[in-house]
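In terms of the numbering used here, the sequence shown opens at residue 181 and continues consecutively.
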Amino acid sequence: MLPDAPHAGPLLMVDIPGPVLDPGTREHLRRHRIRAVCLFRKNVESEEGLARLVADLREVMGEGALIAIDQEGGAVFRTPFWPFAPSAMSLGASDDPGLAREVGAAVARPLAAAGINWNFAPVLDLNVNPLNPVISERAFGADPGRATDLALAWLEGCLAQGVAGCVKHFPGHGDTHLDSHLALPRVDKGRAELEAGEFLPFRRALGEAAAPAVMSAHIVYPALDPGLPATLSRPVLTGLLREEWGYGGVVITDSMGMQAIDGHYGRGEAAVLALTAGADMVMALGRRSAQEETLAAVEAAILDGRVADVAGRMARLDALARRFPSHPHGYGPEQRTADAALLGEAWARGITPYRDPVPPPPGTRVTLVSVAEVPGENVAEAGVSGAELARRLAGLYEVETHFVEDPSRVDWPGLRGAGRTVLLATTARHRHPAWRAARPDLHLALWNPYAALDVDAPALITYGFRPGALDALTRCLAGEITPRGRLPVPLGEAAR
């Protein structure tokens, strides 16, 4: 980069390799004047390490640093040392905006205390597609009014703690059957249908709730732009969002390393397209060479005038950093204990009965069927292991385990003929068609609620597998609490 060349760095958000800010990364951030970093599980091994990392990032990036994270709740929760929040759909099942507001605040408190000032949550997508492979329980539900009330209450709690929320994935990722991490989805709905569904949460969030930031979706909506996904579309980001809706906050893209973008347009050119479409900041995640490619492309586009109004973008980003400064201040033990209790109760209130489940009484001889391990993937962290689930159930039952790699190879008649009560735990987001042959006595749906459609059995649905969900589940099985959640998405025959 020439000494007088424009700096693209302030318009990019990057990730970093590990839990320590190594000299090479430090110089990369400083040289390009990068002000925004997104943290992932790889960066947060311990609370003490996170404090050191944030201090180092603030030293390099300055007072205007934007330090971000995906801390939605449920499977998308990066920090293993803070109390785990329930998923959005768990809150949808309890249907209490007051509780959602408290949970949003409880998620934000430790973030603010650590100096993380931007959270990419809440999800405003309406999960209306039972085959959606990436949203599912990350959404508050399917009904526009009900889901939006809860999401905006959650956002209010977050903002009150001094953390910038970022609503996503505009204009909506809830009706896709493809994961934009892996492919380029397309939503073939007309404008009127979008107005009545997907648009409603975003209109309210960006209008009455004045959400400070919005993240774009890597999805093609032919009714809005027949050629380009929303992230790269000027009719969507400028025409709809800025001009028609009058939104004045920060617009950031989803990760440009996802296959929906990188696999079709390339990193550098896509970043330029996103900025010319109307984005303020491009999420340039991935290897250093890809970040350098993006920086070079954006700098060239600023020089030749394709990317204009850099000052306006910088002003919006500066305003966000001033309103939500990164000021670490500590997360006290009393507050941590109170938040853990609140989040545990929130998990419990979301547990939902499906088809009148009757848990086996304590002391029953049970066979637990599940997969042994659920690895992390794309946006989600690793699920609960079969061994951990068996350990928890062993406090109630005499447990025999039957861990499987291939659900299609389970001998259900043999299991049922052994004289034991059979419990099936579905512990992954992805639905497996082989579970349609399952005939357990009770189904424990510990991640994707739509798995209840695939198993011909009564179910308890937790919308997640975190410790709070498993604690609440064991209390429910023990008869200590009654499951009172209500399904926030339809599970009738039409949903199959």
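Positions of the beta carbon are idealized from the N, C-alpha and C atoms, including for glycine.
For residue 620 and residue 517, the rounded distance between their alpha carbons: The residue you call residue 517 lines up with position 337 of the sequence shown. The residue you call residue 620 lines up with position 440 of the sequence shown. Cα-Cα distance, rounded: 37 Å.
Cβ contact check for the segment 603-623 and the segment 554-571: 3 or more pairs under 8 Å: yes
Residue 181 versus residue 375 - alpha carbon distance: Position 1 of the sequence shown, counted from the start, is the residue given in the question as residue 181. Position 195 of the sequence shown, counted from the start, is the residue given in the question as residue 375. Because the pLDDT of residue 181 is 43, which lies under 50, any placement of that residue in the model is unreliable, and the question is left without a value.
CB of residue 431 within 8 Å of CB of residue 401, strictly: For this step, residue 431 is matched to residue 251 along the sequence shown. For this step, residue 401 is matched to residue 221 along the sequence shown. For residue 431 and residue 401, no; Cβs fall outside 8 Å.
C-alpha gap between residue 438 and residue 465, whole angstroms: Position 258 of the sequence shown holds residue 438. Position 285 of the sequence shown holds residue 465. Distance between the alpha carbons of residue 438 and residue 465: 9 Å.
Residue 189 to residue 222 span [Cα, whole Å]: Against the sequence shown, residue 189 aligns to sequence position 9. Against the sequence shown, residue 222 aligns to sequence position 42. If I take the Cα positions, the gap works out to 23 Å.
Spatial neighbours of residue 183 in its chain, beta-carbon cut-off 7 Å, leaving aside the 5 residues before and after: Here residue 183 refers to the residue found at position 3 of the sequence shown. Bear in mind that the predicted position of residue 183 carries a pLDDT of just 45, short of 50, making it unreliable; the figure below should be weighed with that in mind. Cβ within range, chain order: n/a, list empty.
Cβ-based burial, residue 447 [other Cβ within 10 Å; buried from 16]: Taking the first residue of the sequence shown as 1, we reach residue 447 at position 267. Buried, by the Cβ-count rule.
For residue 316 and residue 539, the rounded distance between their alpha carbons: Locating residue 539 in the sequence shown gives position 359, where the first residue counts as 1. Locating residue 316 in the sequence shown gives position 136, where the first residue counts as 1. Straight-line Cα distance between these residues: approximately 26 Å.
Exposure of residue 674, with buried meaning 16 or more beta-carbon neighbours within 10 Å: Working through the sequence shown from its first residue, we reach residue 674 at position 494. Low confidence applies to residue 674: its pLDDT is 45, below 50, so where it sits in the model is not reliable, and the reading given next is rough at best. Exposed, since its Cβ has fewer than 16 Cβ neighbours within 10 Å.
Exposure of residue 411, with buried meaning 16 or more beta-carbon neighbours within 10 Å: Against the sequence shown, residue 411 aligns to sequence position 231. Residue 411 comes out buried.
Range of the contiguous beta strand (DSSP E) that encloses residue 544: Within the sequence shown, residue 544 is the residue found at index 364, counting from 1. Element bounds for residue 544: n/a, residue is neither H nor E.
Cα-Cα separation, residue 588 to residue 615: Locating residue 588 in the sequence shown gives position 408, where the first residue counts as 1. Locating residue 615 in the sequence shown gives position 435, where the first residue counts as 1. Approximately 7 Å, taken between the alpha carbons.
Cβ-based burial, residue 434 [other Cβ within 10 Å; buried from 16]: For the purposes of this step, residue 434 is taken as residue 254 along the sequence shown, with counting starting at 1. With 16 or more other Cβ atoms within 10 Å, it is buried.
DSSP three-state assignment for residue 211, whether helix, strand or coil: Stepping through the sequence shown from its first residue, residue 211 is reached at position 31. Helix, per DSSP.
Within the segment 545-581, ranges of the alpha helix (DSSP H) (whole runs, at least 4 residues): 566-573
Nearest candidate by alpha-carbon position, reference residue 429, set 370, 581 and 492: Reading the sequence shown from its first residue, position 249 is the one you call residue 429. Closest option to residue 429, Cα to Cα, is 492.
Closest by C-alpha distance to residue 191, when choosing among 414, 398 and 216: Locating residue 191 in the sequence shown gives position 11, counting from the first residue. The shortest C-alpha separation from residue 191 is found at 216.
Segments of 4+ residues assigned as alpha helix (DSSP H) that fall wholly inside the segment 444-530: 447-457, 468-483, 490-503 and 513-530
Member of 333, 409 and 458 whose CA lies at the smallest distance from the CA of residue 423: By 1-based counting over the sequence shown, the position of residue 423 is 243. Nearest option by C-alpha distance: 458.
Three-state class that DSSP yields for residue 436 in the structure shown: In the sequence shown, the residue the question calls residue 436 occupies position 256. Coil, per DSSP.
Residue 579 versus 334, 635, 236 and 542, residue with shortest Cα-Cα distance: Position 399 of the sequence shown, counted from the first residue, corresponds to residue 579. Checked all of 334, 635, 236 and 542; the closest Cα to residue 579 is 542.
Extent of the continuous beta strand (DSSP E) to which residue 601 belongs: Counting from one through the sequence shown, the residue named residue 601 turns up at place 421. Note, residue 601: beta strand (DSSP E), 601-606.
The segment 569-583 / the segment 372-389 touching (three or more Cβ pairs under 8 Å): no
Local conformation of residue 219 per DSSP, three classes: Locating residue 219 in the sequence shown gives position 39, where the first residue counts as 1. In this structure, residue 219 counts as strand in the three-state DSSP scheme.
Limits of the beta strand (DSSP E) - the one that residue 533 falls within: The sequence position of residue 533 within the sequence shown is 353, counting from 1. 532-534 is the extent of the beta strand (DSSP E) around residue 533.
Distance cut-off 7 Å: residue 510 Cβ against heavy atoms of the ligand PLP: Ligands are entirely absent from the displayed structure, and the ligand PLP is therefore not among its contents.
Supposed close pair residue 322, residue 308 - CB separation, criterion 8 Å: Translated into positions along the sequence shown, residue 322 becomes position 142. Translated into positions along the sequence shown, residue 308 becomes position 128. Going by Cβ atoms, the distance from residue 322 to residue 308 rounds to 5 Å, so yes, they are a contact pair.
Three-state secondary structure assigned by DSSP to residue 674: Numbered from 1 along the sequence shown, position 494 holds the residue referred to as residue 674. Note on residue 674: pLDDT 45, under 50, position unreliable in the model; the coordinate value appears next. Three-state DSSP puts residue 674 in a helix.
Whole-angstrom distance between residue 665 and residue 497, CA atom to CA atom: Position 317 of the sequence shown, counted from the first residue, corresponds to residue 497. Position 485 of the sequence shown, counted from the first residue, corresponds to residue 665. Each residue's alpha carbon lies about 40 Å from the other.
Close Cβ partners of residue 236 (< 6 Å) along its chain, the five nearest in sequence each way excluded: Translated into positions along the sequence shown, residue 236 becomes position 56. Here the set comprises 201.
Candidates 350, 470 and 369: closest to residue 418 by CA position: Numbered from 1 along the sequence shown, position 238 holds the residue referred to as residue 418. Residue 350 is the option with its Cα nearest to residue 418.
Coarse secondary structure for residue 413, derived from DSSP in three states: The count along the sequence shown starts at 1 and reaches residue 413 at position 233. Of the three classes helix, strand and coil, the one that applies to residue 413 here is coil, per DSSP.
Same chain, Cβ closer than 7 Å to residue 230, neighbours up to 5 away in sequence not counted: Numbered from its first residue, the sequence shown carries residue 230 at position 50. Result list for residue 230: 224 and 294, in chain order.
Three-way DSSP call (helix, strand, coil) for residue 316 in this model: Looking up residue 316 in the sequence shown gives position 136. DSSP places residue 316 in helix when its eight states are reduced to three.
Buried or exposed (CB count within 10 angstroms, at least 16 for buried), residue 469: Translated into positions along the sequence shown, residue 469 becomes position 289. Burial call: exposed.
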